[in-house]
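Participant: Before we start, here is the structure in question, set down as structure tokens.
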Amino acid sequence: MLLDIEDLTIELPPGAAARPVLAEVSLRVGRGEVVGLVGESGSGKSTTARAVLRMLPEGARTSGSVAVDGEDVLAMDPARLRRHRSRTVSMIFQDPRSAMNPVRRIGDFLTDPLTRVLGLSRRDALAKAVELLASVGLSDPERRMRQRPHELSGGMLQRVVIAAALSTDPDLLLADEATSALDATTQAEVLALLRSVQEERRRAGSGLGTLFITHDLPLAAAYCDRVYVMYAGRVVEQRPAHGLFADPRHPYTRGLLDCSPSLGDDSEPRPIPGRPPSLSDPLTGCPFLPRCARAEAECETWAPVAVPVGGGDGSAGDGSAACRRLELVSRSSA
Amino acid sequence: MIRGLPRRIAGLFATLLAASFLIFAAVYAAPGDPAVLLSGSRQELTPEKLAAVRAEHHLDEPLVVQYGRWLWDGVQGDLGRSFQYRDHVADLIGARLPTTLELVGYATVFFVVLGVGSGVLAALRRGWVDSAVVGGTTLAASVPAFVAAIALVSLFGVRLGWFPVTGQGEGLAGRLHHLTLPAFALALSALAVISRVTRQAMAEAYASDHVEAARAAGQSERQIVVQHVLRNALGPIVTMCGLVMAGMLAGTVVVETAFGLSGIGSLLVSAITTHDFPVTQAVLLLMVIGYVVVTTLVDLVHPLIDPRVAPGGQPRSKPEGKTT
Amino acid sequence: MTTLTAGALIPVRVRARRPVPVMIAGGFLALVVVAAVCAPLIAPHPPDAVDLSASLAGTTPQHPLGTDASGQDLLSRVLYGARSSLLAPLALLALAALLGVTMGTVAAWRGGWVDTLLSRVTDVMYAFPGLLFVVLVIAVFGDGLTTSIVALGLAYAPTIARYTRSLALAERSQPYIDAYRVQGMGGTRICVRHLVPNLAGAIVGYLVVLFGEGLMSLATLSYLGFGAGSPSIDWGLMVQEGQDAVVQEALLPALVPGTAIAAVVVAFNIVGVWVSDRLGKGR
Numbered sequence: 001m002l003l004d005i006e007d008l009t010i011e012l013p014p015g016a017a018a019r020p021v022l023a024e025v026s027l028r029v030g031r032g033e034v035v036g037l038v039g040e041s042g043s044g045k046s047t048t049a050r051a052v053l054r055m056l057p058e059g060a061r062t063s064g065s066v067a068v069d070g071e072d073v074l075a076m077d078p079a080r081l082r083r084h085r086s087r088t089v090s091m092i093f094q095d096p097r098s099a100m101n102p103v104r105r106i107g108d109f110l111t112d113p114l115t116r117v118l119g120l121s122r123r124d125a126l127a128k129a130v131e132l133l134a135s136v137g138l139s140d141p142e143r144r145m146r147q148r149p150h151e152l153s154g155g156m157l158q159r160v161v162i163a164a165a166l167s168t169d170p171d172l173l174l175a176d177e178a179t180s181a182l183d184a185t186t187q188a189e190v191l192a193l194l195r196s197v198q199e200e201r202r203r204a205g206s207g208l209g210t211l212f213i214t215h216d217l218p219l220a221a222a223y224c225d226r227v228y229v230m231y232a233g234r235v236v237e238q239r240p241a242h243g244l245f246a247d248p249r250h251p252y253t254r255g256l257l258d259c260s261p262s263l264g265d266d267s268e269p270r271p272i273p274g275r276p277p278s279l280s281d282p283l284t285g286c287p288f289l290p291r292c293a294r295a296e297a298e299c300e301t302w303a304p305v306a307v308p309v310g311g312g313d314g315s316a317g318d319g320s321a322a323c324r325r326l327e328l329v330s331r332s333s334a
Numbered sequence: 001m002i003r004g005l006p007r008r009i010a011g012l013f014a015t016l017l018a019a020s021f022l023i024f025a026a027v028y029a030a031p032g033d034p035a036v037l038l039s040g041s042r043q044e045l046t047p048e049k050l051a052a053v054r055a056e057h058h059l060d061e062p063l064v065v066q067y068g069r070w071l072w073d074g075v076q077g078d079l080g081r082s083f084q085y086r087d088h089v090a091d092l093i094g095a096r097l098p099t100t101l102e103l104v105g106y107a108t109v110f111f112v113v114l115g116v117g118s119g120v121l122a123a124l125r126r127g128w129v130d131s132a133v134v135g136g137t138t139l140a141a142s143v144p145a146f147v148a149a150i151a152l153v154s155l156f157g158v159r160l161g162w163f164p165v166t167g168q169g170e171g172l173a174g175r176l177h178h179l180t181l182p183a184f185a186l187a188l189s190a191l192a193v194i195s196r197v198t199r200q201a202m203a204e205a206y207a208s209d210h211v212e213a214a215r216a217a218g219q220s221e222r223q224i225v226v227q228h229v230l231r232n233a234l235g236p237i238v239t240m241c242g243l244v245m246a247g248m249l250a251g252t253v254v255v256e257t258a259f260g261l262s263g264i265g266s267l268l269v270s271a272i273t274t275h276d277f278p279v280t281q282a283v284l285l286l287m288v289i290g291y292v293v294v295t296t297l298v299d300l301v302h303p304l305i306d307p308r309v310a311p312g313g314q315p316r317s318k319p320e321g322k323t324t
Numbered sequence: 001m002t003t004l005t006a007g008a009l010i011p012v013r014v015r016a017r018r019p020v021p022v023m024i025a026g027g028f029l030a031l032v033v034v035a036a037v038c039a040p041l042i043a044p045h046p047p048d049a050v051d052l053s054a055s056l057a058g059t060t061p062q063h064p065l066g067t068d069a070s071g072q073d074l075l076s077r078v079l080y081g082a083r084s085s086l087l088a089p090l091a092l093l094a095l096a097a098l099l100g101v102t103m104g105t106v107a108a109w110r111g112g113w114v115d116t117l118l119s120r121v122t123d124v125m126y127a128f129p130g131l132l133f134v135v136l137v138i139a140v141f142g143d144g145l146t147t148s149i150v151a152l153g154l155a156y157a158p159t160i161a162r163y164t165r166s167l168a169l170a171e172r173s174q175p176y177i178d179a180y181r182v183q184g185m186g187g188t189r190i191c192v193r194h195l196v197p198n199l200a201g202a203i204v205g206y207l208v209v210l211f212g213e214g215l216m217s218l219a220t221l222s223y224l225g226f227g228a229g230s231p232s233i234d235w236g237l238m239v240q241e242g243q244d245a246v247v248q249e250a251l252l253p254a255l256v257p258g259t260a261i262a263a264v265v266v267a268f269n270i271v272g273v274w275v276s277d278r279l280g281k282g283r
């Protein structure tokens with residue numbers, strides 16, 4: 001397994017938060033696999049991605065493990081950690097404009113990892129950088145090299161960021177809302193680019209794992225192989241994408257899907273009542289309880305635990321959901 | 001940068017014209033006969049003498065014509081004659097300007113090195129180093145230059161005897177030796193300003209997302225500090241250094257007086273106490289020109305260091321809205 | 001929003017009401033004010049009592065802070081000097097605030113040529129670095145404490161005007177202003193009765209910060225011989241009178257008033273930053 005997060009819990013210092021930022025999160029990404037991670041703001045999906053790079057909140061205490069290629073990230077020494085961050089894993093941030101140093105040229109941004117990590121000469125790095133820019137579909141790459149971030153559009157910049165992220169041939173790509181800041185057509189282009197990179201690497205036999213973080217569940221279901229849904233620092237459901245979309249098991253997942261209207265569906269979009277809990281709300285029992293239509297008294301004391309769920313047709317599947325009334329949900333929806 | 005240039009230059013000249021007119025016309029704002037003021041009121045004034053002063057300064061002509069004449073002469077290097085020294089003002093200033101410029105240059109080295117250094121230190125080493133630097137700069141910013149001058153002379157000149165208390169010194173080493181205490185007194189409050197600006201700019205650069213992104217890409221902290229934090233903080237630091245240095249010309253008035261240095265700052269003080277008006281006007285004009293020109297230059301250089309700033313000092317419009 | 005920074009997660013801790021340095025600085029300033037008011041009661045000697053036999057005496061039981069060249073008791077003179085050194089900046093700020101707040105409010109309220117005039121005047125004023133504008137006024141009108149105060153008042157006014165203008169522009173768009181207008185209240189009345197009083201907190205905070213600077217500027221002018229003249233007792237003037245004794249290794253005559261200036265300015269800066277932080281809140 002390329003990425004294997006096991007029972008990861010991240011707690012802030014006492015007094016800073018009433019509940020863990022992440023609670024018993026387990027998540028896996030295999031080689032060549034695109035895994036979606038979906039949730040509202042503050043659900044812990046970015047914290048999970050950052051934990052893969054061991055970029056933890058200040059003063060945080062962790063338990064559980066984060067293993068990449070079998071090696072525990074949380075136990076790496078500083079030099080190993082830098083190599084891990086620069087070679088094994090690449091991260092793409094939501095806003096390419098703030099992720100790039102505004103005073104440095106595009107060329108510097110691209111050649112830096114090439115010379116620093118791959119040890120290329122300045123000359124080779126420049127040639128490789130131009131090649132990379134062309135490969136992500138930027139026109140006139142030589143000129144782009146001399147430009148600064150403010151001279152490029154958001155979509156172009158995100159291509160540059162992707163080019164830089166791929167330049168060191170990472171095994172794992174963390175795309176943190178990589179397309180959320182872009183308009184619809186640019187978003188489609190960037191997704192197509194990521195997909196083609198994925199295909200290329202699959203053909204080359206060195207599968208690239210991608211953790212695709214988004215708040216857009218339909219997008220994740222359409223783009224990813226498997227999807228994890230997070231709520232209040234917990235994974236509430238994880239399923240193969242098609243199963244999740246066709247037959248969501250956790251009430252929260254169902255609620256998320258009901259929020260977004262789809263074409264040919266006459267039903268009104270139904271927002272989930274209430275708001276997600278903040279870090280200062282202590283949680284006992286099921287975190288989704290206050291917003292759940294199926295909640296009952298026992299849910300208040302139920303410690304969430306992942307229950308295996310099968311496919312929509314009643315066959316055994318490879319997913320799980322953390323809901324006490326799961327059987328009821330699946331029976332009533334079936 | 002080229003686009004904003006003509007407007008900046010036009011603005012520069014407009015400001016200089018207004019300021020020079022203020023300096024020139026101030027004589028007429030004074031109560032009484034400007035001829036009395038222009039002749040230096042300590043002297044015995046006979047009607048003939050007043051008439052001579054009137055003729056010399058063309059006081060019977062309209063104010064604007066007089067101003068034009070003064071400015072035209074000034075541009076050609078003729079700033080009139082001093083009443084006190086009976087010398088050409090230009091010669092007086094020419095003889096004293098090197099001392100003042102050396103003093104400002106030396107002080108600039110002090111405040112840039114120590115100010116930026118302590119600011120960087122405070123930003124990199126949080127905790128007691130940071131508190132010490134912040135406390136020290138609060139103190140340094142609150143001590144007037146003349147008090148600092150006396151304290152420095154008392155300690156390093158009189159008590160410890162490390163530095164000479166009077167005189168100008170011979171040769172480069174000697175001059176530097178003599179100018180060390182004055183330069184430090186002049187640099188003290190500037191040092192505090194630069195230290196704070198540096199610390200603040202570094203802290204802001206540290207908090208930006210691209211530093212986080214660089215860390216995520218596995219850059220070492222040293223690289224992050226050099227390529228991202230220092231590099232991005234450079235714009236405000238350089239700008240502030242330029243502005244502070246420009247303002248130092250005025251600061252020499254106090255420091256040169258305190259140390260008995262013979263520069264244009266002390267010349268201005270003695271010109272005012274002896275009612276030597278042509279010298280007063282000329283020194284004021286020179287200092288204002290120096291200040292305005294340097295600040296304009298700083299404005300023009302800023303976009304070269306920081307591409308986020310458009311020419312003319314306006315920050316570029318924000319990038320297209322990011323969705324949350 | 002996907003990036004959860006550590007800072008966003010940590011709730012803002014309730015800040016200590018008054019930090020220790022602010023308490024110390026405030027207490028010190030209160031002490032200085034009391035000392036200035038009670039100078040005749042607590043000064044051990046008359047401030048102008050000349051005693052040539054005690055010229056440049058160091059610290060003695062009779063003269064705890066020593067004497068100057070004419071044998072005048074430095075402690076007494078510093079205590080009396082506090083009066084003019086504190087009152088003069090107050091007068092200067094009162095003048096500057098009156099001019100500046102009026103100019104700034106009118107510029108923000110009326111806009112148009114008043115606003116343009118303010119920005120032109122400010123531009124020209126800002127072309128004179130440091131105290132040079134004040135020096136020009138003194139060169140023309142002669143030296144003296146009054147001239148210094150008026151000149152500094154004029155020099156500070158544009159800065160205060162700019163600040164007031166920015167505050168007043170924001171305040172003017174508040175709904176309550178429109179409400180008064182709808183009731184038919186005149187512009188002047190709204191400004192004087194409602195707008196300016198609502199800005200007062202922020203402006204006072206700003207003035208406290210300026211006080212230290214004003215004290216420093218006035219002391220500098222006195223030191224240069226442009227401010228308070230010889231018979232009066234002023235800290236800046238005392239430094240000038242005392243500096244000749246420094247080469248004779250008598251440091252107290254210059255250092256005692258110099259330290260007084262520095263200490264009061266430090267205290268004002270510490271208190272000023274705190275006050276303007278608090279009064280500036282909510283905008």
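Chains as they are written, first to last, in UniProt numbering: chain L, 1 to 334; chain Z, 1 to 324; chain S, 1 to 283.
For each residue, glycine too, the CB sits at the ideal point set by N, CA and C.
Just so we're clear, the structure is a prediction, and the values are computed from it rather than from any experiment.
1. Could you work out which residue in L:P96, L:D318 and L:L173 is closest to L:T88 when comparing CA atoms only?
2. Going straight from the alpha carbon of L:E6 to that of L:D72, what length do you get?
3. Chain A partners of L:M91, CB-CB under 7 Å?
4. Is the shortest distance between the beta-carbon of S:P11 and the beta-carbons of chain Z less than 8 Å?
5. Do you know offhand how far Z:A258's Cα is from Z:L286's?
6. Assuming contact is defined by CB atoms lying nearer than 8 Å, are Z:L191 and Z:G247 in contact in what I supplied?
7. If you check the beta carbons only, do L:I162 and L:S46 fall under 8 Å apart?
8. Starting from Z:V244, trace the beta strand (DSSP E) both ways and give me its first and last residue.
9. Put S:Q62 into one of helix, strand or coil per three-state DSSP.
10. Pick from Z:T296, Z:P307 and Z:I305: whose alpha carbon is nearest that of S:A127?
11. Near L:A134, what residues of its chain come up, given a Cβ to Cβ distance below 8 Å and the 5 sequence neighbours on each side ignored?
12. Are the CB atoms of S:R77 and S:M238 within a distance shorter than 8 Å?
13. Would you mind telling me which residues of chain S sit closer than 7 Å to Z:G251, beta carbon to beta carbon, in chain order?
14. Quick one: which residues of the region 123 to 146 of chain Z get their C-beta closer than 8 Å to a C-beta of chain L? List them in chain order.
15. What are the boundary residues of the beta strand (DSSP E) that L:R234 is part of?
16. Measuring CB atoms only, is the region 24 to 41 of chain S touching the region 63 to 71 of chain S, in the sense that at least three cross pairs come out at less than 8 Å?
17. Quick one: residues in its chain with C-beta nearer than 7 Å to the C-beta of S:Q243, no 5 flanking neighbours on either side, listed in chain order?
18. According to DSSP, L:L174 sits in a beta bridge with which residue or residues?
19. Given a cut-off of 8 Å, decide if S:L252 and S:L74 are closer than it, judged by their beta-carbon atoms.
20. Decide yes or no for the touch test of the region 277 to 292 of chain L against the region 30 to 39 of chain L: beta carbon pairs closer than 8 Å, at least 3 of them.
21. Quick test of the definition: if touching needs 3 or more C-beta pairs under 8 Å, does the region 146 to 159 of chain Z touch the region 59 to 79 of chain Z?
22. Return no unless some Cβ of chain L is closer than 8 Å to the Cβ of Z:S220.
23. Report the rounded CA-to-CA distance for L:L208 versus L:D183, giving the unit in angstroms.
24. Could you name each continuous alpha helix (DSSP H) segment of 4 residues or more that falls completely within the region 62 to 143 of chain L, going from the start of the chain to the end?
25. Residues bridged to S:L207 by DSSP?
26. So, L:V34 versus L:V52, is the Cβ gap smaller than 8 Å?
27. Taking one C-beta from the region 261 to 274 of chain Z and one from the region 96 to 116 of chain Z each time, how about it: are there three or more such pairs within less than 8 Å?
28. Which chain Z residues are close to L:S196, counting only those with a beta carbon under 9 Å from its beta carbon?
29. State yes or no: is the C-beta of S:L75 nearer than 7 Å to some heavy atom of the ligand FAD?
30. Is it the case that the Cβ atoms of L:R61 and L:L279 are separated by a distance below 8 Å?
31. Taking all protein chains shown into account, decide if residue 336 of chain L is buried (16 or more other Cβ within 10 angstroms of its Cβ) or exposed.
32. Determine the chain Z residues that contact L:M156 at a beta-carbon separation under 8 Å, and present them in chain order.
33. So, do the region 197 to 207 of chain S and the region 107 to 126 of chain Z have three or more beta carbon pairs nearer to each other than 8 Å?
Facilitator: This is what the structure holds:
1. L:L173
2. 11 Å
3. The structure shown contains no chain A; its protein chains are L, Z and S.
4. Annotation note: pLDDT 37 at S:P11 (below 50); position unreliable, no value reported.
5. 21 Å
6. no
7. no
8. Here Z:V244 belongs to no beta strand (DSSP E); instead the alpha helix (DSSP H) covers R231 to F259.
9. coil
10. Z:T296
11. P141
12. yes
13. G130
14. none
15. R234 to P240
16. no
17. A254
18. L:M91 and L:L211
19. yes
20. no
21. no
22. yes
23. 26 Å
24. 78 to 83, 96 to 99, 106 to 116 and 122 to 135
25. Looking at the DSSP assignment, S:L207 forms no beta bridge with any residue, so it has no partner.
26. no
27. yes
28. Per Cβ cutoff of 9 Å: no residues; L:S196 is ~23 Å from chain Z at best.
29. For the ligand FAD, the structure offers nothing, since it holds no ligand at all.
30. no
31. Because residue 336 of chain L is not part of the residues shown, which for chain L are 1 to 334, the question remains open.
32. Here the premise fails: no neighbours, minimum Cβ distance about 12 Å.
33. no
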